[in-house]
Amino acid sequence: LGAVAHLSAIHEKYAFMHCFDGFRTSHEMQRIETLDYEDLRGLVDYDALKAFRAQALNPEHPTNRGNNVNPDIYFQCKEGANVKSATVPETVQHYMDEINKLTGRDYKLFNYYGAPDAEEVIVVMCSASEALKETVNYLNQNGRKVGMVQIHLYRPFSVKHFSDAIPATCKKIAVLDRSKEVGSVGEPVYLDVCTALNQAGRTDIQIVGGRYGLSSK
Numbered sequence: 002l003g004a005v006a007h008l009s010a011i012h013e014k015y016a017f018m019h020c021f022d023g024f025r026t027s028h029e030m031q032r033i034e035t036l037d038y039e040d041l042r043g044l045v046d047y048d049a050l051k052a053f054r055a056q057a058l059n060p061e062h063p064t065n066r067g068n069n070v071n072p073d074i075y076f077q078c079k080e081g082a083n084v085k086s087a088t089v090p091e092t093v094q095h096y097m098d099e100i101n102k103l104t105g106r107d108y109k110l111f112n113y114y115g116a117p118d119a120e121e122v123i124v125v126m127c128s129a130s131e132a133l134k135e136t137v138n139y140l141n142q143n144g145r146k147v148g149m150v151q152i153h154l155y156r157p158f159s160v161k162h163f164s165d166a167i168p169a170t171c172k173k174i175a176v177l178d179r180s181k182e183v184g185s186v187g188e189p190v191y192l193d194v195c196t197a198l199n200q201a202g203r204t205d206i207q208i209v210g211g212r213y214g215l216s217s218k
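For what it's worth, the working numbering labels the leading residue of the sequence shown as 2, then goes sequentially.
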């Protein structure tokens, strides 16, 4: 996924924050296999990379313009950025597909795991997904119809891709946030899920929020 973030950032000229889960970096030991640099080289958009480098400050053109926007057009500029962010999810999924070909994995913006006809679904990010997969397996083996969605691209949040990841049979969703928003009606992922399903017209699904993992609890 690190390669996906870098490749997408270069192609889209869009800033990415690629986060490493703290539990994975501090509590796990795993063997890894690195991708071959020649394979990655074939995925790089060198025209976009050249343009990116040309825009950077250097001794040949040591000036920069456009960092300050006056109030008369500031609002328009901020709204105009929506056009750019709207294309990011498809680009990220494209590079996920390319990495999938190299690794045999199945990365998606929102990965679904569980019963194809699940009635109850959990939405989560980060390392909690591994424990939830075991829970999903156990419950399905004992007669429940459950599943889970693991978020890989949080921003920009793609309503279409998220809705497509939720089975048509879903009746209830529990959204788990690893944060506490004091004074808010809900945590960030919960509010995004509520809004996304509302925009997708899936208002028949009951959604509840949950909290976990604060200080590793």
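Virtual Cβ for every residue (Gly too), placed ideally from N, Cα, C.
Since the structure is predicted, the reported quantities are computational estimates derived from the model, not experimental observations.
*Inter-residue CB distance, glycine 1 and aspartate 178 (contact presumed, cutoff 8 Å)*: Given that the chain is displayed from residue 2 to residue 218, the structure contains no residue 1 and the question cannot be resolved.
*Return the CA-CA distance between isoleucine 100 and aspartate 73, expressed in angstroms with no decimal places.*
Mapped onto the sequence shown, residue 100 falls at position 99. Mapped onto the sequence shown, residue 73 falls at position 72. Roughly 44 Å separates the two Cα atoms.
*Is it buried or exposed for aspartate 98, if we count other Cβ within 10 angstroms and need 16 for buried?*
Within the sequence shown, numbered from 1, the residue matching residue 98 stands at position 97. Around the beta carbon of aspartate 98, fewer than 16 other beta carbons sit within 10 angstroms, so the residue counts as exposed.
*Which residues in the same chain as valine 137 place their Cβ atom closer than 7 Å to its Cβ, once the five residues preceding and following it in sequence are excluded?*
Sequence index remark: in the sequence shown, residue 137 carries index 136 (1-based). Leaving aside the five residues that flank valine 137 on each side, the residues in its chain whose CB is nearer than 7 Å to its CB run, in chain order, Tyr114, Gly115, Val147, Gly148, Met149.
*How big is the Cα-Cα spacing for phenylalanine 111 and valine 160?*
Residue mapping note: residue 111 aligns to position 110 of the sequence shown, counting from 1. Residue mapping note: residue 160 aligns to position 159 of the sequence shown, counting from 1. Approximately 11 Å, taken between the alpha carbons.
*How do the segment 177-194 and the segment 116-134 stand: do at least 3 beta-carbon pairs fall below 8 Å, yes or no?*
Under the three-pair Cβ rule at 8 Å, the segment 177-194 counts as touching the segment 116-134.
_Anticipated Cβ contact below 8 Å, valine 93 with leucine 154, distance rounded_ = Reading the sequence shown from its first residue, position 92 is the one you call residue 93. Reading the sequence shown from its first residue, position 153 is the one you call residue 154. Sure, about 5 Å apart at Cβ, within 8 Å.
*Let me know if serine 130 comes out buried or exposed under the rule of 16 or more other beta-carbons within 10 Å of its beta-carbon.*
In the sequence shown, residue 130 corresponds to position 129, counting from 1. So serine 130 ends up on the buried side.
*Closest by CA to proline 168, which one among Leu198, Ser217, Lys51?*
For the purposes of this step, residue 168 is identified with residue 167 of the sequence shown, where counting begins at 1. Selected option, being the one with the closest Cα: Leu198.
*CA-CA distance, glycine 214 and histidine 19?*
Mapped onto the sequence shown, residue 214 falls at position 213. Mapped onto the sequence shown, residue 19 falls at position 18. Approximately 20 Å, taken between the alpha carbons.
*asked:* Looking at isoleucine 152: is its Cβ nearer than 9 Å to the Cβ of isoleucine 174?
replied: As a working mapping, residue 152 is identified with position 151 in the sequence shown. As a working mapping, residue 174 is identified with position 173 in the sequence shown. No. Outside cutoff.
_Helix, strand or coil at histidine 12 [DSSP, three-state]_ = The residue given as residue 12 occupies position 11 in the sequence shown. Annotated three-state conformation of histidine 12 is helix, per DSSP.
_Extent of the continuous beta strand (DSSP E) run through phenylalanine 21_ = Start at 1 with the first residue of the sequence shown, and residue 21 comes out as number 20. Segment: none, phenylalanine 21 is in no beta strand (DSSP E) and carries neither H nor E.
*Starting from arginine 54 and walking both ways along the alpha helix (DSSP H), at which residues does that stretch end?*
Position 53 of the sequence shown holds residue 54. Here the alpha helix (DSSP H) through arginine 54 covers 47-56.
_Distance check for alanine 201 and leucine 8, CA to CA, integer angstroms please._
As a first step, residue 8 is located in the sequence shown; it is residue number 7 there, counting from the start. As a first step, residue 201 is located in the sequence shown; it is residue number 200 there, counting from the start. If you take the alpha carbons of leucine 8 and alanine 201, they lie about 29 Å apart.
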